[in-house]
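Here is the structure we will look at, set down as structure tokens.
Chains as they are written, first to last, in my numbering: chain A, 50 to 140; chain B, 213 to 483.
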């Protein structure tokens with residue numbers, strides 16, 4: 050062990066990394082819990098349709114599924130890119 | 213009178229469900245309750261080995277479900293406690309032999325026999341066996357290890373418990389969820405190598421009912437077919453006793469969650 054070793058920045062403890070990764074994935078999985086199975090596929094198809102008109106990527110589409118007492122709400126939001134969107138629909 | 217049904221579940225395999233079922237059932241029996249513990253892992257029977265009654269299995273859970281044996285014939289009386297019984301899983305039958313009606317019939321039968329508690333040892337996974345083990349439960353003990361895949365699976369199981377049980381379906385109020393952290397190594401937590409109790413509680417949003425330290429005694433106990441709770445000298449055994457007391461409503465502080473302090477010489481010379 051070199052004498053200067055203690056001056057090096059210590060790497061982040063792996064437990065901290067684990068906690069952060071779990072926090073994100075658990076939150077993501079909870080948000081889609083109980084939602085219909087077709088949601089991921091529908092999201093992809095919607096993306097294809099939107100892409101014909103506007104250049105967006107997968108992250109720009111947000112689908113939320115909420116179940117209130119008695120009724121279900123499917124909320125879809127698309128963040129459009131800055132500036133003018135391409136207005137020429139693909140043929 | 214109806215028996216209280218407790219499912220011991222986890223999603224992930226190998227985290228300590230059967231060890232926990234055996235110790236929980238034994239602990240409840242020590243507390244004077246009449247207890248049955250059922251192995252739901254059809255085809256992969258193991259609870260009998262951990263309870264040390266593997267050579268006394270004549271009839272199993274599926275035999276009772278199919279009407280080939282009575283409940284009385286199939287229940288194996290524990291050799292150490294008169295008020296503790298084991299119902300083994302079938303080793304030869306297909307898991308499809310387990311039906312919701314069949315499970316309900318057995319659980320109702322146990323209530324009629326005057327059992328106070330039925331502990332259901334769930335198989336790993338989230339398929340039929342695991343679903344049936346949790347479906348009729350009033351309480352759940354979710355066993356989790358301080359490790360990423362186990363924690364993620366536990367969150368999934370907690371979600372299923374609050375939606376896919378009879379209580380949830382009938383709107384009879386949520387089942388009581390207990391989180392049990394097993395294989396905990398305080399020294400590794402202090403070194404930043406393992407998720408802490410608080411980390412796991414934060415991620416899952418539920419507090420623990422117990423923390424079982426990683427212990428050599430758990431293997432020794434399963435080697436000899438004696439539930440580890442009966443090893444009163446082991447930390448794991450003591451931690452299980454605390455856990456059972458908490459499940460029964462007693463308030464006990466968590467123990468064995470800090471690493472033993474190293475002495476001056478140990479710190480200087482290592483070891």
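All residues carry an ideal CB built from backbone N, CA and C; glycine is no exception.
| Should residue 120 of chain A be flagged as near chain B, meaning a C-beta pair shorter than 9 Å? | Using a Cβ-Cβ cut-off of 9 Å, residue 120 of chain A does not count as an interface residue toward chain B, since no Cβ of chain B sits closer than that to its own.
| field | Short CB-CB distance (under 9 Å) between residue 105 of chain A and chain B | value | False, the Cβ-Cβ gap to chain B never drops below 9 Å.
| task | Please confirm whether residue 360 of chain B and residue 310 of chain B have their CB atoms less than 9 Å apart. | result | Contact annotation: residue 360 of chain B and residue 310 of chain B have beta-carbon atoms that are not nearer than 9 Å.
| query | Exposed or buried, what is residue 195 of chain A when buried is set at 16 or more other beta-carbons lying within 10 Å of its beta-carbon? | reply | Absent from the model: residue 195 of chain A. The displayed extent of chain A is 50 to 140, so no value can be given.
| field | Span separating the alpha-carbon of residue 136 of chain A from that of residue 112 of chain A | value | Bear in mind that a pLDDT of 49 at residue 136 of chain A, under 50, signals an unreliable position, so the model cannot answer this.
| field | residue 444 of chain B versus residue 465 of chain B - alpha carbon distance | value | Whole-angstrom Cα-Cα distance: 18 Å.
| query | Counting contacts by CB-CB distance shorter than 9 Å, is residue 68 of chain A in contact with chain B? | reply | Yes, residue 68 of chain A lies at the interface with chain B (some Cβ there is under 9 Å from its Cβ).
| Hey, quick one: how far does the beta strand (DSSP E) through residue 126 of chain A stretch, first residue to last? | Counting along the chain, the beta strand (DSSP E) containing residue 126 of chain A begins and ends at 121-127.
| Taking three-plus beta-carbon pairs below 8 Å as touching, is the region 374-388 of chain B in contact with the region 91-109 of chain A? | Contact between the region 374-388 of chain B and the region 91-109 of chain A is absent, because fewer than three Cβ pairs lie under 8 Å.
| Which residues, in chain order, does the region 77-96 of chain A contribute to contact with chain B at a C-beta distance below 9 Å? | So the close ones are 78, 79, 82 and 83.
| request: Determine the extent of the alpha helix (DSSP H) in which residue 547 of chain B is found, giving its start and end residues. | output: Since the displayed chain B opens at 213 and closes at 483, residue 547 of chain B lies outside it and no answer follows.
| So, does the CB of residue 58 of chain A fall closer than 9 Å to a CB anywhere in chain C? | Reference to chain C is not applicable here, since the protein chains of this structure are A and B.
| query | Looking at chain A, which residues of the region 412-446 of chain B have a Cβ within less than 8 Å of any of its Cβ atoms? | reply | The residues in question are 414, 415 and 416.
| task | May I ask which residues mark the beginning and end of the alpha helix (DSSP H) holding residue 262 of chain B? | result | For residue 262 of chain B, the enclosing alpha helix (DSSP H) covers residues 259-263.
| If we call anything under 9 Å between Cβ atoms a contact, is residue 255 of chain B one with residue 306 of chain B? | Contact flag set, yes.
| field | Contact set between the region 378-391 of chain B and chain A, restricted to residues whose Cβ is under 9 Å from the partner | value | Along the region 378-391 of chain B, there is no position whose C-beta sits under 9 Å from a C-beta of chain A.
| Classification of residue 73 of chain A by the beta-carbon crowding that lies within 10 angstroms, buried from 16 upward | Residue 73 of chain A should be labelled exposed.
| field | residue 116 of chain A, DSSP secondary structure in three states | value | If DSSP states are grouped into helix, strand and coil, residue 116 of chain A belongs with the strands.
| task | May I ask you to verify whether the region 407-419 of chain B touches the region 60-76 of chain A, counting CB pairs closer than 8 Å and requiring at least 3? | result | The region 407-419 of chain B makes contact with the region 60-76 of chain A, as at least three CB pairs between them are under 8 Å.
| query | Within 9 Å (strictly less), CB to CB, does residue 62 of chain A reach chain B? | reply | Judged by the 9 Å Cβ criterion, residue 62 of chain A is in contact with chain B.
| Extent of the continuous beta strand (DSSP E) run through residue 299 of chain B | If you look at residue 299 of chain B, you'll find it in the beta strand (DSSP E) that goes 296-299.
| With 16 other Cβ atoms within 10 Å as the buried cut-off, status of residue 122 of chain A | Classification for residue 122 of chain A: exposed.
| Along the chain, where does the beta strand (DSSP E) that runs through residue 424 of chain B open and close? | For residue 424 of chain B, the enclosing beta strand (DSSP E) has its first and last residue at 420-425.
| Between residue 229 of chain B and residue 355 of chain B, is the Cβ-Cβ spacing less than 9 Å? | Yes, the Cβ-Cβ distance between residue 229 of chain B and residue 355 of chain B is below 9 Å.
| Beta-carbon separation of residue 232 of chain B and residue 219 of chain B under 9 Å? | Residue 232 of chain B places its beta carbon 9 Å or farther from that of residue 219 of chain B.
| task | Check the Cβ of residue 405 of chain B against every Cβ in chain A and list those closer than 8 Å, keeping chain order. | result | Identification of chain A residues near residue 405 of chain B by a Cβ-Cβ cut-off of 8 Å yields 62, 63 and 64, ordered along the chain.
| query | Is the distance from the Cβ of residue 373 of chain B to the Cβ of residue 399 of chain B below 9 Å? | reply | Cβ atoms of residue 373 of chain B and residue 399 of chain B: not closer than 9 Å.
| said: So residue 74 of chain A contacts chain B; which residues on that side make the cut at Cβ distance below 7 Å? | reply: Residues of chain B passing the Cβ test: 364.
| Limits of the unbroken alpha helix (DSSP H) element including residue 396 of chain B | Judged by DSSP secondary structure, residue 396 of chain B falls outside any alpha helix (DSSP H) and instead within the beta strand (DSSP E) spanning 388-396.
| request: Measure the CB-CB distance between residue 338 of chain B and residue 223 of chain B and report whether it falls below 9 Å. | output: Yes; because the gap between Cβ atoms is below 9 Å, this pair is in contact.
| message | By the three-class DSSP mapping on this structure, what secondary structure does residue 403 of chain B have? | response | Coil at residue 403 of chain B, not helix or strand.
| said: Here's the rule: buried if 16 or more other CB atoms are within 10 angstroms of the residue's CB, otherwise exposed. What is residue 345 of chain B? | reply: Per the 10 Å Cβ criterion, buried.
| task | With residue 356 of chain B as the anchor, note down where its beta strand (DSSP E) starts and where it stops. | result | Unbroken beta strand (DSSP E) run through residue 356 of chain B: 351-356.
| field | Exposed unless 16 or more other CB atoms sit within 10 angstroms - verdict on residue 308 of chain B | value | Exposed, by the Cβ-count rule.
| said: Contact criterion: CB-CB distance below 9 Å. Does residue 371 of chain B meet it with respect to chain A? | reply: Chain A, which has a Cβ nearer than 9 Å to the Cβ of residue 371 of chain B, makes this yes.
| task | Compare the C-beta of residue 355 of chain B with all C-beta atoms of chain A and state if any pair is closer than 9 Å. | result | Not closer than 9 Å to any Cβ of chain A, the Cβ of residue 355 of chain B fails to qualify, so no.
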